[in-house]
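Undergrad:
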Amino acid sequence: MSTDEDTQPAPRTAPVRLAAGAAEVTVQPDNGCRVGSLRVAGTELLRQGAKYGCFPMVPWCGRIDHGQFRNGGRLHQMPVNAAPHAIHGTGRNLAWRTARTSATQAAFTYDLSDPAAPWPYPGRVTHLVELAEDGGSLTLTMGVEAAADSFPAQAGWHPWFRRNAFGDGADVRLDFAPEWQEERGDDHLPTGRRILPRPGPWDDCFGMPRGVDATLTWPGRLELRVTSRTEWVVVYDEQEAAVCVEPQSGPPNGLNTAPRLVTPIDPLEISMTWSWRELS
Numbered sequence: 162m163s164t165d166e167d168t169q170p171a172p173r174t175a176p177v178r179l180a181a182g183a184a185e186v187t188v189q190p191d192n193g194c195r196v197g198s199l200r201v202a203g204t205e206l207l208r209q210g211a212k213y214g215c216f217p218m219v220p221w222c223g224r225i226d227h228g229q230f231r232n233g234g235r236l237h238q239m240p241v242n243a244a245p246h247a248i249h250g251t252g253r254n255l256a257w258r259t260a261r262t263s264a265t266q267a268a269f270t271y272d273l274s275d276p277a278a279p280w281p282y283p284g285r286v287t288h289l290v291e292l293a294e295d296g297g298s299l300t301l302t303m304g305v306e307a308a309a310d311s312f313p314a315q316a317g318w319h320p321w322f323r324r325n326a327f328g329d330g331a332d333v334r335l336d337f338a339p340e341w342q343e344e345r346g347d348d349h350l351p352t353g354r355r356i357l358p359r360p361g362p363w364d365d366c367f368g369m370p371r372g373v374d375a376t377l378t379w380p381g382r383l384e385l386r387v388t389s390r391t392e393w394v395v396v397y398d399e400q401e402a403a404v405c406v407e408p409q410s411g412p413p414n415g416l417n418t419a420p421r422l423v424t425p426i427d428p429l430e431i432s433m434t435w436s437w438r439e440l441s
């Protein structure tokens, strides 16, 4: 679930570029480790701009109720950046460290105890970006590790796919078949009630217990499939410029309603793959 109220820093160093086949990917480690560009056969598929592309959501996804969550008996307050809530984690606001790169792969990390990231537990986040050797798919994998105390966490991605990427007036079509939709309250948080999926436009979370599987089709041009083993996906298509399909490890406000504890021996890991084929 999304907002335009936040602002993002501009990249301070050159991005990391990956290329294979007809695909080119750029990653901006200094701008929240977002995938800033995905070009297939010369066409940019991601909305451009400092806060767009595809950014990691970590150590939580979507909104936290009034920015607060509990871990056992301890109440923590995160910065409210989508009043009255906190949204999309802290990782997208940080400069990540580039751990390694090759022609088609790159790995990045940041410490949860980074002074610029107000997270109360030490640990590390890793983001692996892998472009297939044939240039036909991109896989993103994120891991969250605890260094000491256990804590609840989430991870996922927020891509902004261009609605009319080919400039021919044909908007992208989204096809997916969720088993349920999380009812959204007036406060933009799930109420805890699961309902039958409703027609869009959406800023909503859906359940796909057999794994996220969604297809974006630019008619006559390109088909892009989003897959992930996780069962949660947020779809945001209320803006004219882009459509967002966001696999994530739990629902919005999940630190409170469906906490997944990360421990020193049980990290959180999530992966997502985009695969595409040209239609013309």
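One gets the numbering used here by counting positions in the sequence shown from 1 and adding 161 to each.
Note that CB positions come from ideal geometry on N, CA and C, so glycine has one too.
Residues in the same chain with beta-carbon distance under 8 Å from ALA326, minus the five sequence neighbours each way, listed in chain order, please.
TA: Cβ neighbours of ALA326 beyond the five flanking positions: THR204, GLU205, LEU206, VAL333, TRP379, ARG382 and LEU383.
Undergrad: Which runs of the beta strand (DSSP E) fall wholly inside the stretch 164–236 and span at least 3 residues, in chain order?
TA: 177–181, 184–189, 195–201, 215–218 and 229–232, all fully within the stretch 164–236.
Undergrad: Answer yes if the stretch 280–296 comes into contact with the stretch 345–357, meaning at least three C-beta pairs across the two stretches below 8 Å, and no otherwise.
TA: No, they do not touch.
Undergrad: Considering only their Cβ atoms, is the gap separating VAL404 from LEU335 smaller than 8 Å?
TA: For LEU335 and VAL404, yes; Cβs fall inside 8 Å.
Undergrad: Quick one: what's got a C-beta closer than 6 Å to GLU166's C-beta in the same chain, skipping five residues either side?
TA: Annotation note: pLDDT 39 at GLU166 (below 50); position unreliable, coordinate value reported separately. These residues qualify, in order along the chain: ALA243.
Undergrad: If contacts are defined as beta-carbon pairs under 8 Å, then PHE312 and VAL241 qualify, I think. What distance do you get, rounded to the angstrom?
TA: About 20 Å; that fails the 8 Å criterion.
Undergrad: Taking just the CA atoms, how far does PRO279 sit from ALA314?
TA: Spanning the two alpha carbons is a distance of roughly 14 Å.
Undergrad: Quick test of your reading: ARG261 and PHE216, contact by CB under 8 Å. State the CB separation rounded to the nearest angstrom.
TA: With a Cβ gap of about 21 Å, ARG261 and PHE216 do not count as contacting.
Undergrad: Quick one: grab the DSSP three-state call for LEU350.
TA: Here LEU350 sits in coil by DSSP.
Undergrad: Quick check on SER389: buried or exposed, where buried means 16 or more other Cβ atoms within 10 Å of its Cβ?
TA: That one is buried.
Undergrad: In terms of residues, what are the limits of the alpha helix (DSSP H) holding GLY415?
TA: Note, GLY415: alpha helix (DSSP H), 415–418.
Undergrad: What separation, rounded to the nearest whole angstrom, lies between the Cα atoms of GLN400 and ARG235?
TA: Each residue's alpha carbon lies about 38 Å from the other.
Undergrad: Give the list of continuous alpha helix (DSSP H) stretches no shorter than 4 residues that lie fully inside the stretch 277–329.
TA: Those alpha helix (DSSP H) runs which fall completely within the stretch 277–329 and span 4+ residues do not exist here.
Undergrad: Applying the criterion that 16 or more other CB atoms from any shown protein chain within 10 Å of the CB defines a buried residue, is THR168 buried or exposed?
TA: Low local confidence applies: a pLDDT of 44 at THR168 is under 50, so the model's placement there is unreliable, with the coordinate-based value given in what follows. By the 10 Å Cβ count, THR168 comes out exposed.
Undergrad: Taking 8 Å as the threshold, find out whether the stretch 363–375 comes into contact with the stretch 269–284 through three or more Cβ pairs.
TA: No, because fewer than three Cβ pairs between the stretch 363–375 and the stretch 269–284 fall closer than 8 Å, the two stretches do not touch.
Undergrad: Does the count of Cβ pairs from the stretch 412–426 and the stretch 341–353 closer than 8 Å reach three?
TA: Yes, the stretch 412–426 touches the stretch 341–353.
Undergrad: Tell me the rounded alpha-carbon separation between LYS212 and VAL196.
TA: Cα-Cα distance, rounded: 11 Å.
Undergrad: Quick one: residues in its chain with C-beta nearer than 6 Å to the C-beta of GLU344, no 5 flanking neighbours on either side, listed in chain order?
TA: THR352, ARG354 and ILE356.
Undergrad: Could you have a look at MET162 and say whether DSSP puts it in helix, strand or coil?
TA: Because MET162 carries a pLDDT of 48, less than 50, the predicted location of this residue cannot be relied on, and the following value inherits that uncertainty. Note: MET162 maps to coil in three-state DSSP.
Undergrad: Which same chain residues end up closer than 6 Å to ALA309 when comparing Cβ atoms and leaving out the 5 residues on each side of it in sequence?
TA: Correct list, in chain order: PRO283.
Undergrad: Give me the residue from PRO220, ALA202 and VAL186 with the minimum Cα distance to GLU439.
TA: Ranking the options by Cα distance to GLU439, first place goes to ALA202.
Undergrad: Rounded C-beta distance between VAL443 and PRO428? I'm assuming under 8 Å.
TA: Here the chain covers residues 162 to 441 and nothing more, so residue 443 does not appear.
Undergrad: Output the distance between the C-alpha atoms of PRO172 and VAL395, rounded to the nearest integer angstrom.
TA: Bear in mind that a pLDDT of 44 at PRO172, under 50, signals an unreliable position, so the number given afterwards is only what the model happens to contain. Straight-line Cα distance between these residues: approximately 26 Å.
Undergrad: Would VAL219 and ALA267 qualify as a contact pair, given that the criterion is a beta-carbon distance under 8 Å?
TA: Against a cut-off of 8 Å, the Cβ pair of ALA267 and VAL219 comes out as no contact.
Undergrad: Quick check: the Cα distance between PRO245 and ALA264, rounded to an integer number of angstroms?
TA: Straight-line Cα distance between these residues: approximately 43 Å.
Undergrad: For THR270, write down the residues that DSSP places opposite it in a beta bridge.
TA: Per DSSP, ARG258 and THR287.
Undergrad: Only counting the same chain, and skipping five residues up and downstream in sequence, which positions put a Cβ closer than 8 Å to that of TYR271?
TA: Within the same chain, TYR271 has close Cβ partners CYS194, GLY252, LEU255, ALA256, TRP257, ARG258, ALA278, ARG285 and VAL286.
Undergrad: Per DSSP, which residues does ASP364 bridge with? Please list them.
TA: Answer by DSSP bridge pairing, in chain order: TYR397.
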